[in-house]
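Visitor: Here's a structure for you.
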Amino acid sequence: MTLAIHGGTPVRTAPWPSWPPPLDDPQRERVTAVLESGLWGATQGGTACAELAAEFARRSGVPYGVTVGNATLGLFAALRGLGVGRGDEVIVPAYTFVASATAVLLAGATPVIVDVDPADLHLSAEAAQAAVTGRTAAVMPVHLAGSPADMDALNALAARHGLAVVEDAAQAHGATYRDRPVGGLGDAGVYSFQASKAMTAGEGGLVVCRDEDVHEAVWSVCNLGRRRGGEWYGHPGLGWNLRLTEIQAALLLPWLDRLDKEIDRRNAFSAAVERELATVPWPDAPPAAGRAAGQPVRVVPQPAGTTLDSRHLLMLRVHVPFDRSFVLAAMAAEGVPLDGGYPPLGGMAALVEAGARVEPCPAAEAAARDVLWVRQSMLMDDPANAAHIAEALAKVLAHAP
Ligand SMILES: Cc1ncc(COP(=O)(O)O)c(C=O)c1O
């Protein structure tokens with residue numbers, strides 16, 4: 001068996017499904033109707049943004065939603081709407097997309113970068129507790145990869161210290177925690193419709209919340225400080241134009257009808273990968289510490305309380321000493337391109353220079369060394385093809401330098 005990187009035959013030769021999936025007829029019809037109406041912007045009387053906001057709120061189990069240009073701005077607007085700003089600290093996990101922290105900076109507050117749970121890689125309630133100071137105003141659980149963060153523990157922490165809770169649900173459309181939808185479990189929840197996400201319009205975002213005053217405040221931040229129903233050129237608050245377009249909302253609305261089916265498909269593929277990984281043999285000289293983990297590659301477990309993982313990504317943990325750049329290159333040559341995932345936020349000089357406070361984050365640093373991601377588009381493949389991932393990993397680990 002020759003590694004494809006050395007000229008052997010790749011395990012997988014057929015292309016993986018692409019993302020986004022092909023447009024469907026309801027999307028085509030809805031987008032065409034908006035285009036033909038001329039009501040492209042959200043202030044011209046069209047209804048698509050309002051429908052999308054209402055439907056996401058309903059599905060999140062809360063009364064209010066606001067569409068927004070992207071989730072970075074959505075997190076910013078949610079923080080501002082909850083009164084978080086200059087002088088405040090916001091706790092964010094170290095293993096997440098950089099926007100979780102830059103949104104805090106945009107709001108004028110200080111991101112406090114805190115370690116994740118070493119097993120499930122979500123914000124650790126214990127580490128968050130240790131980072132609370134008199135200036136802490138909010139905590140931002142991230143529903144990483146589509147798995148809900150352990151909200152009971154984080155909401156309890158927030159209640160103890162009077163903190164606002166902003167859920168970063170950018171990757172978790174449709175996921176549930178103890179049978180309750182994410183996004184509606186804190187004070188505000190934020191979804192992304194950026195090109196890689198489970199529902200996409202190329203870009204886009206949406207904030208949901210349960211409190212009427214928070215809704216008014218978030219809406220005002222996204223609408224130049226206007227009051228809903230107030231004077232067009234009256235701007236009693238401070239705000240910006242952060243709006244989504246009607247065209248984007250029209251593309252997204254029909255997606256809601258197929259989201260659950262797509263989540264089921266990704267879960268079926270993920271379950272098949274998990275089964276297949278049990279067949280990946282240890283390389284010749286497995287490390288003693290790694291052996292304790294049972295098998296060389298495992299699926300990263302979900303946090304306690306996960307009832308539906310939306311499987312934006314499938315995270316794998318490799319328990320052998322390896323040079324990840326070799327593994328990524330060799331897997332790609334085998335026709336199974338994986339992703340190396342996030343570097344820890346605390347190591348990003350730009351964040352630190354901008355004032356972020358960094359707590360010790362050994363678990364996020366370890367994740368950056370030995371976690372690999374299977375992308376959402378691959379998870380949309382036939383579960384029978386999950387074997388390609390295990391087969392390629394077995395081949396590559398057997399050759400790891
Ligand atoms: C966890 C997380 N938070 C925030 C964002 C920011 O979303 P957007 O690209 O819509 O601004 C993303 C993705 O891009 C994300 O993955």
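Numbering-wise (the working numbering), the sequence shown opens with residue 1 and increments by one. Note that beta-carbon positions come from the ideal geometry of N, C-alpha and C, so glycine has one too.
What residue does the alpha helix (DSSP H) around E262 start on, and which one ends it?
Guide: Residue 262 sits at position 262 when you count from the first residue of the sequence shown. Looking at the DSSP string, the run of the alpha helix (DSSP H) that includes E262 is 256-277.
Visitor: How about the stretch 376-394 and the stretch 332-341: do they share at least three Cβ pairs that are nearer than 8 angstroms?
Guide: yes
Visitor: Would you kindly work out how many angstroms separate the C-alpha atoms of V165 and A33, rounded to a whole number?
Guide: Stepping through the sequence shown from its first residue, residue 165 is reached at position 165. Stepping through the sequence shown from its first residue, residue 33 is reached at position 33. The straight-line gap from Cα to Cα measures roughly 38 angstroms.
Visitor: When you compare the stretch 214-223 with the stretch 189-203, are there three or more beta-carbon pairs, one atom per stretch, that lie closer than 8 angstroms?
Guide: Segments in contact, no.
Visitor: According to DSSP, I113 sits in a beta bridge with which residue or residues?
Guide: By one-based count along the sequence shown, residue 113 stands at place 113. Within the DSSP secondary-structure output, I113 pairs in a beta bridge with V92, V358.
Visitor: Measuring from the CB of T72, is there a heavy atom of ligand 1 at a distance below 7 angstroms?
Guide: Walking along the sequence shown from the start, residue 72 turns up at place 72. Taking 7 angstroms as the cut-off, one finds at least one heavy atom of ligand 1 near enough to the beta carbon of T72.
Visitor: Going by DSSP, which residues form a beta bridge with E353?
Guide: Sequence index remark: in the sequence shown, residue 353 carries index 353 (1-based). According to DSSP, which records beta bridges pairwise, E353 is partnered with nothing at all.
Visitor: First and last residue of the beta strand (DSSP E) that includes G81?
Guide: The sequence position of residue 81 within the sequence shown is 81, counting from 1. First-last for G81: 71-81, but that is the alpha helix (DSSP H), not the beta strand (DSSP E).
Visitor: Do you know offhand how far P141's Cα is from H122's?
Guide: For the purposes of this step, residue 141 is taken as residue 141 along the sequence shown, with counting starting at 1. For the purposes of this step, residue 122 is taken as residue 122 along the sequence shown, with counting starting at 1. When rounded, the distance between both Cα atoms is 8 angstroms.
Visitor: Could you have a look at L137 and say whether DSSP puts it in helix, strand or coil?
Guide: Taking the first residue of the sequence shown as 1, we reach residue 137 at position 137. In the sequence on display, residue 137 carries Ala and not Leu. Correct three-state label for A137: strand.
Visitor: Return the CA-CA distance between L244 and A4, expressed in angstroms with no decimal places.
Guide: For the purposes of this step, residue 244 is taken as the residue at position 244 of the sequence shown. For the purposes of this step, residue 4 is taken as the residue at position 4 of the sequence shown. Those two C-alpha atoms are separated by around 45 angstroms.
Visitor: Give the DSSP-derived three-state secondary structure of D213 in the structure shown.
Guide: Translated into the one-based positions of the sequence shown, residue 213 becomes position 213. Helix.
Visitor: Could you check what DSSP says for L372 in three-state terms: helix, strand or coil?
Guide: Here residue 372 corresponds to residue number 372 of the sequence shown, with the count starting at 1. When DSSP states are grouped into helix, strand and coil, L372 belongs to the strand group.
Visitor: Rounded to a whole number of angstroms, what is the C-alpha to C-alpha distance between H421 and D382?
Guide: Outside the displayed range of the chain (1 to 401) lies residue 421, so it cannot be described from this structure.
Visitor: For P118 versus V92, is the C-beta spacing smaller than 8 angstroms?
Guide: Numbered from its first residue, the sequence shown carries residue 118 at position 118. Numbered from its first residue, the sequence shown carries residue 92 at position 92. In this structure, V92 does not lie closer than 8 angstroms to P118 by Cβ.
Visitor: L242 and L52 look like a contact to me (Cβ under 8 angstroms); what is the Cβ gap, rounded to whole Å?
Guide: In the sequence shown, the residue the question calls residue 242 occupies position 242. In the sequence shown, the residue the question calls residue 52 occupies position 52. No, L242 and L52 are not in contact; Cβ-Cβ is about 15 angstroms, not under 8 angstroms.
Visitor: My guess is that C361 and G346 are in contact by the Cβ rule of under 8 angstroms, so how many angstroms apart are they, rounded?
Guide: Position 361 of the sequence shown, counted from the first residue, corresponds to residue 361. Position 346 of the sequence shown, counted from the first residue, corresponds to residue 346. Between G346 and C361 the Cβ distance is about 5 angstroms, and since that is below 8 angstroms, they are a contact.
Visitor: Would you mind sorting L314 into buried or exposed? The rule is 16 or more other CB atoms within 10 Å of its CB.
Guide: What you label residue 314 is simply residue 314 of the sequence shown in a count that begins at 1. Per the 10 Å Cβ criterion, buried.
Visitor: With DSSP as the reference, please indicate the residues paired to P401 in a beta bridge.
Guide: Along the sequence shown, read from residue 1 onward, the residue named residue 401 stands at position 401. Answer by DSSP bridge pairing: none, since P401 is not bridged.
Visitor: Does the contact criterion of 3 or more C-beta pairs under 8 angstroms hold for the stretch 274-282 versus the stretch 234-241?
Guide: At 8 angstroms Cβ cutoff, the stretches do not touch.
Visitor: Can you tell me whether G184 is buried or exposed? The criterion is at least 16 other CB atoms within 10 Å of its CB, across all chains shown.
Guide: The residue you call residue 184 lines up with position 184 of the sequence shown. Label assigned to G184: buried.
Visitor: Helix or strand or just coil, what does DSSP make of E231?
Guide: Residue 231 sits at position 231 when you count from the first residue of the sequence shown. Looking at E231 - three-state DSSP - the assignment turns out to be coil, as it is neither helix nor strand.
Visitor: Are there 16 or more other CB atoms within 10 angstroms of the CB of W232, so buried, or fewer, so exposed?
Guide: Here residue 232 refers to the residue found at position 232 of the sequence shown. Per the 10 Å Cβ criterion, exposed.
Visitor: For chain C, is any of its Cβ atoms less than 8 angstroms away from the one on G45?
Guide: Going by chain labels, chain C is absent from the structure shown, which holds only one protein chain.
Visitor: Could you name each continuous beta strand (DSSP E) segment of 3 residues or more that falls completely within the stretch 1-77, going from the start of the chain to the end?
Guide: Those beta strand (DSSP E) runs which fall completely within the stretch 1-77 and span 3+ residues are 64-68.
Visitor: Using the beta-carbon count (16 or more within 10 Å), is H6 buried or exposed?
Guide: By one-based count along the sequence shown, residue 6 stands at place 6. The residue is exposed, with fewer than 16 neighbouring Cβ atoms inside 10 Å.
Visitor: At a threshold of 7 angstroms, does Q171 count as lining ligand 1 (C-beta to nearest heavy atom)?
Guide: Walking along the sequence shown from the start, residue 171 turns up at place 171. True, at least one ligand heavy atom lies under 7 angstroms from that Cβ.
Visitor: Confirm the yes/no value for this check: CB of V371, any heavy atom of ligand 1, distance under 7 angstroms.
Guide: Against the sequence shown, residue 371 aligns to sequence position 371. Every heavy atom of ligand 1 is 7 angstroms or more from the Cβ of V371, so no.
Visitor: Could you tell me if R86 is buried or exposed, where buried requires 16 or more neighbouring beta carbons within 10 angstroms of its beta carbon?
Guide: For the purposes of this step, residue 86 is taken as residue 86 along the sequence shown, with counting starting at 1. Its Cβ having fewer than 16 others within 10 Å, R86 is exposed.
Visitor: With a threshold of 8 angstroms, are at least 3 pairs of Cβ atoms found where one atom belongs to the stretch 261-271 and the other to the stretch 54-69?
Guide: no
Visitor: V327 lies in the alpha helix (DSSP H); which residues open and close that run?
Guide: Position 327 of the sequence shown, counted from the start, is the residue given in the question as residue 327. Segment 324-333, the alpha helix (DSSP H) holding V327.
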